[in-house]
Amino acid sequence: MAVTINTLRDLKAKGEAFAALTAYDATFSHVISEAGVEVMLIGDSLGMVLQGNDSTLPVTMDDMCYHVRAVARGNQGALVMADMPFMSYSTPASAMDNAARLMRAGAQMVKLEGTDWMAETITALSERGVPVCAHLGLTPQFVNKFGGYKVQGREEKAAEQMIDHACQLEAAGADVILLECVPAPLAARITQAVKAPVIGIGAGADTDGQVLVMHDMLGVTPGRKARFVKNFLAETDSIQAAIAAYVAAVKNRTFPAEEHTFKA
Ligand code: KIV
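Start counting the sequence shown at -14; every next residue gets the next number (my numbering).
See below:
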């Protein structure tokens, strides 16, 4: 049966973890959704892992729509979430136009990076039938403001502000919250504070779901490996088996382990 936002809410209510993974093309979309991954994210990480850029900033709406169409064609029932690329949601009006393009291409939810300033935009999208995931913590489109890819919310003041932002964005209409690179205790507090399902990456084992970039979990990303990444292909003999192992590890909460987690 196809995964919907209600599936994710039910899983959260039952305390059962769900798996998300990035997908960028029809073939991997087929493999990933067949493996039981609940959410496929067409991440703007494609700017790095597919296009070879050193950030996600060069990704365009045309790039996103191309990959969303491909993933939607291969999908076997996962929920299809698409990133809104840099500056495509800088005003509520541009967000609505660009979200409409992604939804027409086959997305079932859009993801936006930012904090309380996105509330008005999220309400506008939500009221018009566009489900939204609000991405907090390390938001890669802000790399130039952060001065690098750094863990966020380490200080108590910043942690409290992130909890407040998550609550505000949920109240504005966000259906899902995604937390990237935040200390595990903070991610656990946010997961408890909101009713919306919370997906984590580098956010510890207590979020409702986990996401990884597919290239990272297959161990093919060149360069330094982030702490929260695990190569599942190393322990298996096929891509299908690696994805199945990832899904199983998320569901039985053996991934992420301590070694993949930021404590403070
Ligand atoms: O672009 C992306 O793939 C993402 C994930 C890292 C969450 O936003």
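The beta carbon of each residue, even a glycine, is placed where N, CA and C say it ideally should be. In this text, all values refer to a predicted model and were calculated from it rather than measured experimentally.
Cutoff 6 Å; reference residue i; Cβ partners in own chain excluding five residues on either side
{"i": "Gly32", "result": "Asn38, Thr41, Pro43 and Val44"}
{"i": "Cys50", "result": "Arg86 and Ala90"}
{"i": "Val136", "result": "Cys166 and Phe247"}
{"i": "Ala234", "result": "Phe240"}
{"i": "Val305", "result": "The structure shown does not extend to residue 305, since the chain is modelled only from -14 to 249, so the question has no answer here."}
{"i": "Asp101", "result": "His150 and Gln153"}
{"i": "Asp10", "result": "Ala55"}
{"i": "Leu218", "result": "Leu203, Gly204 and Ala227"}
{"i": "Ala173", "result": "Asp191"}
{"i": "Thr206", "result": "His200"}
{"i": "His120", "result": "Lys96, Glu98 and Leu163"}
{"i": "Asp29", "result": "Thr41, Val44, Asp68 and Pro70"}
Run of the beta strand (DSSP E) containing residue i, from where it starts to where it stops
{"i": "Ala5", "result": "Phe3 to Thr7"}
{"i": "Lys(-1)", "result": "From DSSP, Lys(-1) is part of no beta strand (DSSP E) but of the alpha helix (DSSP H) over Ile(-10) to Lys(-1)."}
{"i": "Met25", "result": "Val24 to Ile27"}
{"i": "Val196", "result": "Gly194 to Leu197"}
Opening and closing residue of the alpha helix (DSSP H) in which residue i lies
{"i": "Met88", "result": "Pro77 to Ala90"}
{"i": "Lys236", "result": "Ile224 to Lys236"}
{"i": "Gln177", "result": "Ala169 to Ala178"}
{"i": "Gly185", "result": "That residue, Gly185, is in no alpha helix (DSSP H); its beta strand (DSSP E) goes Val183 to Ile186."}
{"i": "Glu19", "result": "Ala11 to Glu19"}
{"i": "Asp48", "result": "Met46 to Gly59"}
{"i": "Leu31", "result": "Leu31 to Val34"}
Identified DSSP bridge partners for residue i
{"i": "Lys96", "result": "Asp68 and Cys118"}
{"i": "Ile107", "result": "Paired residues: none, contrary to the question."}
Contacts around residue i, its chain only, beta-carbon distance under 8 Å, and the 5 residues preceding and following it disregarded
{"i": "His245", "result": "Gly187, Arg212, Phe213, Val214 and Lys215"}
{"i": "Asp82", "result": "none"}
{"i": "Ile17", "result": "Leu6, Ala8, Met25, Ala63, Met199 and Ile228"}
{"i": "Leu123", "result": "Phe131, Tyr134, Lys135, Val136, Gln137, Glu165, Cys166, Val167 and Gly187"}
{"i": "His15", "result": "Gly59, Asn60 and Gln61"}
{"i": "Thr108", "result": "Ala157 and Gly158"}
{"i": "Pro170", "result": "Gly189, Lys248 and Ala249"}
{"i": "Ala57", "result": "Ser14, Val65, Ala90, Gly91 and Ala92"}
Own chain partners of residue i with C-beta closer than 7 Å, once the 5 adjacent residues on each side are dropped
{"i": "Glu220", "result": "Ala230"}
{"i": "Gln126", "result": "Thr41, Leu42, Phe71 and Glu98"}
{"i": "Val232", "result": "Ala4, Ala20, Gly21 and Val22"}
{"i": "Tyr74", "result": "Ala80, Asn83, Leu97 and Thr106"}
{"i": "Arg54", "result": "Ala90 and Gly91"}
{"i": "Met46", "result": "Pro70, Ser73, Asn83 and Arg86"}
{"i": "Lys(-1)", "result": "none"}
{"i": "Arg113", "result": "Met81"}
{"i": "Arg(-6)", "result": "Pro182"}
{"i": "Val115", "result": "Ala84, Met88 and Val95"}
{"i": "Arg275", "result": "The structure shown has nothing for residue 275, since the chain only spans -14 to 249."}
{"i": "Ala104", "result": "Gln153, Leu154 and Ala157"}
is_contact[residue i, chain B] using C-beta, thresh 7 Å
{"i": "Leu6", "result": "As a matter of chain content, chain B is missing from the structure shown, which is built from one protein chain."}
Which residues, in chain order, sit with a beta-carbon under 7 Å away from any heavy atom of ligand 3?
This structure simply doesn't include ligand 3; it includes ligand 1 instead.
Can you check the segment 109 to 166 for any beta strand (DSSP E) of at least 3 residues that lies completely inside it and give the ranges in chain order?
117 to 122 and 161 to 165
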